[in-house]
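Heads up: the structure comes next, in structure tokens.
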Amino acid sequence: MTNDIDNPSSPSSRRDFLKTSAMAGIAASFGVAPRVVGASSLQAEPAAFAGPIAISSRNGQQSVLKAMELIQSGADALDAVVAGVNLVEEDPEDTSVGYGGLPNALGVVQLDSAVMHGLTCRAGSVGCIEGIMYPSKVAKLVLERTDHVNLVGQGAQDFAVMHGFPVQNLLTEKARLEWVKWRENMSTQDDYLPKHQPGSTGIGDLAAPIKRHWGTIHCSAIDLAGNISCVTTTSGMAFKVPGRIGDSPVIGAGLYCDNTVGAAGSTGRGEANLENLASFLIVERMRAGDSPQAACLYACQRIADHTKLARLLDANGRPDFNVQFYALNIKGEVGGAEIWGGNGTFAAATPAGGRLVDLAYLYKAK
Ligand code: ASP
684 MTNDIDNPSS PSSRRDFLKT SAMAGIAASF GVAPRVVGAS SLQAEPAAFA GPIAISSRNG
744 QQSVLKAMEL IQSGADALDA VVAGVNLVEE DPEDTSVGYG GLPNALGVVQ LDSAVMHGLT
804 CRAGSVGCIE GIMYPSKVAK LVLERTDHVN LVGQGAQDFA VMHGFPVQNL LTEKARLEWV
864 KWRENMSTQD DYLPKHQPGS TGIGDLAAPI KRHWGTIHCS AIDLAGNISC VTTTSGMAFK
924 VPGRIGDSPV IGAGLYCDNT VGAAGSTGRG EANLENLASF LIVERMRAGD SPQAACLYAC
984 QRIADHTKLA RLLDANGRPD FNVQFYALNI KGEVGGAEIW GGNGTFAAAT PAGGRLVDLA
1044 YLYKAK
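Just so we're aligned, residue 684 is where the sequence shown starts under this note's numbering, counting upward by one.
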């Protein structure tokens, strides 16, 4: 499939990345509170099904197009979203996901991923998996080939190897150098020193703090049969404490879907999301009648209300971090929101093409 996407990480990326006019219906549906969608049932084809659609965090512009291409050829939504995010997992330039992801505090790349399948209400996930380039594929295998939901650490890697995945070095030179920079500058109380002249003073004191790097990809889709699935995959918070898992591999936090309602997923500070299970919250708000965007904003507000620790608050008592949410419903409406925003977007695609859609926000970014 050809497309004219600019560098997805560039703020100057074009909003419309493929045949934008056909997506006008998506944008126009923002702010319209849908009726309660569907009854509780495992069957697809709720009355409001409006056709296939895929959404993702902004770094998934290629992913939603890939997912839509597969869906149009008859793929199940789960296969489509996993194939979509595989493109980002194998991309060494995206330092927040898979190969090339920034490592933990010890310089080891540890990946988290989860999938959920709306038709069967089943899920699979891997946490802290090392050496496997496609954790989302392993999460899908956990769903398909075990009677469990979560596998972590060495057990997750052993399971991947059992299914034929090679163990690879995922630490790229670019990510290693970022880690060394962090290691040499973040502490004034250890024995690591940044490059300096013999007479330098203030070694290890930062003139400007290094910005903590976040990033992840979430992708949700509805296929031709009206079935919904989703996936989230990440290298997690850069330089995290070894063994830490974030929200991405936790069902209900990093992602959630219900075939009769819709799907939701997140990126950003996982700890805040874990303490609020926001993806589950968003799907339940949509079930009760919220639009996807209103439900995402509701989750942002919930996190703001629940953030009490002073070190996580700014001078005005607002969260001093960001979280993004993305959601779609079975009617084909999409929406997203973040705590701090103004310029944020996410990707969406239908059979007619792809588009970047604005994220709503609680507070205008400083
Ligand atoms: N949510 C991810 C985590 O906490 C990181 C991110 O999205 O930036 O691991």
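Built from N, CA and C at the ideal position, the CB exists for glycine as well.
Discussion item. Shorter than 6 Å, the distance from the beta carbon of Asp973 to the closest heavy atom of the ligand ASP, or not?
Written reply: no
Worksheet item: So, is Val720 buried or exposed, given that buried needs 16 or more other C-beta atoms within 10 angstroms?
Response: For Val720, the predicted structure reports a pLDDT of 29, less than 50, and the residue's modelled location is therefore unreliable. A value from the coordinates is still provided. The residue in question, Val720, is buried, as its Cβ has 16 or more Cβ neighbours within 10 Å.
Worksheet item: Any heavy atom of the ligand ASP closer than 6 Å to the CB of Thr778?
Response: no
Worksheet entry | Length at least 4, wholly inside the region 976-1039: the alpha helix (DSSP H) runs in chain order | none
Fill in: Cutoff 7 Å; reference Ile934; Cβ partners in own chain excluding five residues on either side
Ala797, Met799, Ala806, Ser808, Val832
Item to complete: Just tell me which of Glu856, Ala858, Lys857, Asn769 has its CA closest to the CA of Pro818.
Response: Asn769
Discussion item. Going by beta-carbon coordinates alone, are Val791 and Gly784 separated by less than 7 Å?
Written reply: no
Worksheet item: Hey, would you say the C-beta of Arg919 is under 6 Å away from at least one heavy atom of the ligand ASP?
Response: Here the sequence assigns Gly to residue 919, which means Arg is not the residue at that position. Answer for Gly919: yes, Cβ within range of the ligand ASP.
Item to complete: Could you spell out the range, first to last residue, of the beta strand (DSSP E) harbouring Leu1045?
Response: 1043-1047
Worksheet item: Any heavy atom of the ligand ASP closer than 6 Å to the CB of Asp930?
Response: yes
Worksheet item: Are the CB atoms of Asn1005 and Trp1023 nearer to each other than 7 Å?
Response: yes
Practice prompt. Consult DSSP for Ile754 and reduce its assignment to one of helix, strand or coil.
Written response: helix
Worksheet item: In angstroms, rounded to a whole number, what distance separates the CA positions of Gly1015 and Leu996?
Response: 36 Å
Fill in: Minimum length 4: unbroken alpha helix (DSSP H) runs contained in the region 776-857
818-828, 836-845
Worksheet item: In the structure shown, what three-state DSSP assignment does Ala763 receive?
Response: helix
Worksheet entry | For Gly898 and Phe842, the rounded distance between their alpha carbons | 26 Å
Discussion item. If distances are taken between C-alpha atoms only, which option among Asn956, Ala993, Gly948, Glu967 comes closest to Ala1030?
Written reply: Gly948
Worksheet entry | Among Ala858, Val924, Thr916, the one whose alpha carbon lies nearest that of Glu776 | Ala858
Practice prompt. Report the residue from Gly810, Phe963, Ser739, Gly781 whose alpha carbon sits nearest the alpha carbon of Gly929.
Written response: Gly810
Worksheet entry | Paired residues, beta bridge with Tyr939 - DSSP | Ala947
Worksheet entry | Sequence-distant residues of its chain with Cβ nearer than 8 Å to Gln984 (five each side left out) | Leu1045
Discussion item. Looking at the secondary structure, which residues open and close the alpha helix (DSSP H) in which Ile965 lies?
Written reply: 961-970
Worksheet item: Can you check whether the CB of Val764 is closer than 7 Å to the CB of Val914?
Response: yes
Practice prompt. Within its chain, find whatever has a CB closer than 6 Å to the CB of Gly953; leave out the 5 residues flanking it on each side and keep chain order.
Written response: Gly929, Asp930
Worksheet item: Just curious, the beta strand (DSSP E) that Ala733 is in, first and last residue?
Response: No beta strand (DSSP E) contains Ala733, which DSSP labels as neither H nor E.
Worksheet item: Just reading off the alpha helix (DSSP H) that Ala955 is part of, what are its end residues?
Response: 953-957
Discussion item. Classify His846: buried if its beta carbon has 16 or more other beta carbons within 10 angstroms, exposed otherwise.
Written reply: exposed
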